[in-house]
Amino acid sequence: MVTIKDVAKLAGVSASTASRAINDNHMISQATKERVRKAMEALDYSPNYSAQNLVKRQTNAVGIILPVRVSQDSLGNNPFFMQIIQGIAGVCTDNGYMVSLATGRSDDELLKNVQNMIRSGHIGKLIFLYSKTDDKVFDFVKKQAVDCVVVGQSYVTDNGNAKFVDNDNRQAGYDAAAFLLERGFKQITYAYTDMDELVQAERFIGYAENMTSQGLTAQTINLSSETEQDIDQRIQKFLANHPQPAFVTCDDMLAIHLQRLLKQNHPNQKVPMISFNNSVLAELATPSLTSVEIFPYQLGEKAATLVLATDHIQDTIHLIPHQIVERESTQPITP
Numbered sequence: 001m002v003t004i005k006d007v008a009k010l011a012g013v014s015a016s017t018a019s020r021a022i023n024d025n026h027m028i029s030q031a032t033k034e035r036v037r038k039a040m041e042a043l044d045y046s047p048n049y050s051a052q053n054l055v056k057r058q059t060n061a062v063g064i065i066l067p068v069r070v071s072q073d074s075l076g077n078n079p080f081f082m083q084i085i086q087g088i089a090g091v092c093t094d095n096g097y098m099v100s101l102a103t104g105r106s107d108d109e110l111l112k113n114v115q116n117m118i119r120s121g122h123i124g125k126l127i128f129l130y131s132k133t134d135d136k137v138f139d140f141v142k143k144q145a146v147d148c149v150v151v152g153q154s155y156v157t158d159n160g161n162a163k164f165v166d167n168d169n170r171q172a173g174y175d176a177a178a179f180l181l182e183r184g185f186k187q188i189t190y191a192y193t194d195m196d197e198l199v200q201a202e203r204f205i206g207y208a209e210n211m212t213s214q215g216l217t218a219q220t221i222n223l224s225s226e227t228e229q230d231i232d233q234r235i236q237k238f239l240a241n242h243p244q245p246a247f248v249t250c251d252d253m254l255a256i257h258l259q260r261l262l263k264q265n266h267p268n269q270k271v272p273m274i275s276f277n278n279s280v281l282a283e284l285a286t287p288s289l290t291s292v293e294i295f296p297y298q299l300g301e302k303a304a305t306l307v308l309a310t311d312h313i314q315d316t317i318h319l320i321p322h323q324i325v326e327r328e329s330t331q332p333i334t335p
C-alpha cells in the first residue's frame, strides 16, 4: 500500500511537508503543492481524510453528492432532486444530522468539492444521487472510510462498503413501452440525453427488450445539445423518416422540452408520449404527461435510513417500486 512517505520521497520533500501540502496549508508554496500532487497521481495515492476525521469525532452531517451540473435545466429546475433531498433531509433531521450538498460543473470540479467536503472533518456519511460508468468521484469515495449509499445501480463488482437504493429501471422501461403498445402505438422511440447515466441506459434496455419481443425495431433519438436549434434539427430530420412517432422519454424534463419544440414547429401533430418521475411538471404539461412514478421521496428516505443505520444490514441493493400514472399524452389519436 502506498503511504505518505512514498509520496514525499517521490516529490523530494519530507513526510510532514507532503502532509501539509495535501491539506493545502498556506505555509507551503504552490510549486511544492504541485510536486506533491503529481507524485500522488503517479502513485495513485488517495489520502484517507475520513479516517482522520472519524478519530476527531466531528462527523455530524451527511453529504449529498449531486450529478455534474452541465446546465441549469439538468439540475436546478428538476423537481426530482428536490423531492429526493427532502426525503433525505427529513430522516437526517429526525436523527440529529445536518445535510451538506456537493455538486460541480465538471467531473473534476465535483471531485474536488467532494474531497474538500470529506477533508472538512464534518462528513462521515455520503449519499450519491446518481450512478454512472467510470465515475472518478465514486472511485475516490469508496477508498475512504465513510458510509456510502448510492441512489442508482451498481456498475462494478467492487463497490467497497456502498449500498444501493433504486427502482427496477429496466422493468420500468419495459412497462412504459408496453403501455404505449397496448394502446396501439407501434413506432415508439426512446428519447434520451446521456446513456452513461445508468438510469437512462437501464430504461432503454427495458424498452428495447419489449419492442424486440413484439418484433418491432427499437430506436433512439439523442436530445442532448447546448442549443435548441440543434435539437430541433434532429427532431425535424427524425420526423421526416418517422411520420407517426410515439416516445418513451428518459424523464419529465426532457418530455416537456420535446413537447415544446414539437408545438413550436409542428403545432398540428399529436405525438403520444410517456416519461418518468411523475413530477409536478407532468401534471402542468400540455397535454398532461403520462409518467412513471418512481417515488423519489421514498428513495431519499430509504437512502438516509441506510446510511445512518447502526446495525449491520446485509443486503446491498434495495428496490423501491414504480407505478404508471396515466394522463392525456397517451390518449389514442383519433383520425
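In UniProt numbering, the protein residues as written are 1 to 335. Every residue, glycine too, gets a C-beta built ideally from N, C-alpha and C.
Check, Outcome
"Extent of the continuous alpha helix (DSSP H) run through residue 235", "228–241"
"Cross-strand partners of residue 291 (DSSP beta bridge)", "275 and 325"
"Local conformation of residue 56 per DSSP, three classes", "In this prediction, residue 56 scores a pLDDT of 49, lower than 50, which makes its location untrustworthy; the coordinate-derived value is nonetheless stated afterwards. DSSP places residue 56 in helix when its eight states are reduced to three."
"Three-state secondary structure assigned by DSSP to residue 163", "strand"
"Endpoints, beta strand (DSSP E) assigned at residue 124", "123–128"
"Distance CB(residue 140)-CB(residue 171) smaller than 8 Å", "no"
"Segment limits, beta strand (DSSP E) that includes residue 247", "246–249"
"Reference residue 151; option with closest CA among 84, 213 and 200", "84"
"Presumed contact (8 Å Cβ cut-off) between residue 98 and residue 63, rounded CB distance", "That pair is no contact at about 10 Å."
"Nearest candidate by alpha-carbon position, reference residue 332, set 272, 312 and 135", "272"
"Burial state of residue 200 (16 or more Cβ within 10 Å)", "buried"
"Inter-stretch contact at 8 Å, needing at least 3 Cβ pairs: the stretch 262–271 / the stretch 288–295", "no"
"Buried or exposed (CB count within 10 angstroms, at least 16 for buried), residue 345", "The displayed coordinates of the chain run from 1 to 335. Any statement about residue 345 would go beyond what the structure contains."
"Span of the beta strand (DSSP E), counted from its first residue to its last, around residue 23", "Careful: residue 23 lies outside any beta strand (DSSP E) and carries neither H nor E."
"Selected residue, minimal CA-CA separation from residue 110, among 14, 144 and 68", "68"
"CA nearest to the CA of residue 219, picked from 227, 124, 96 and 241", "241"
"Residue 169, buried or exposed, once every other Cβ within 10 Å from all chains shown has been counted against 16", "buried"
"Under 8 Å between C-beta atoms of residue 87 and residue 284", "no"
"Alpha-carbon to alpha-carbon, residue 26 and residue 13", "16 Å"
"At least three beta-carbon pairs within less than 8 Å, the stretch 312–321 to the stretch 153–164", "yes"
"Spatial distance of residue 307 from residue 229 (CA atoms)", "43 Å"
"Euclidean distance between Cα positions of residue 311 and residue 146", "15 Å"
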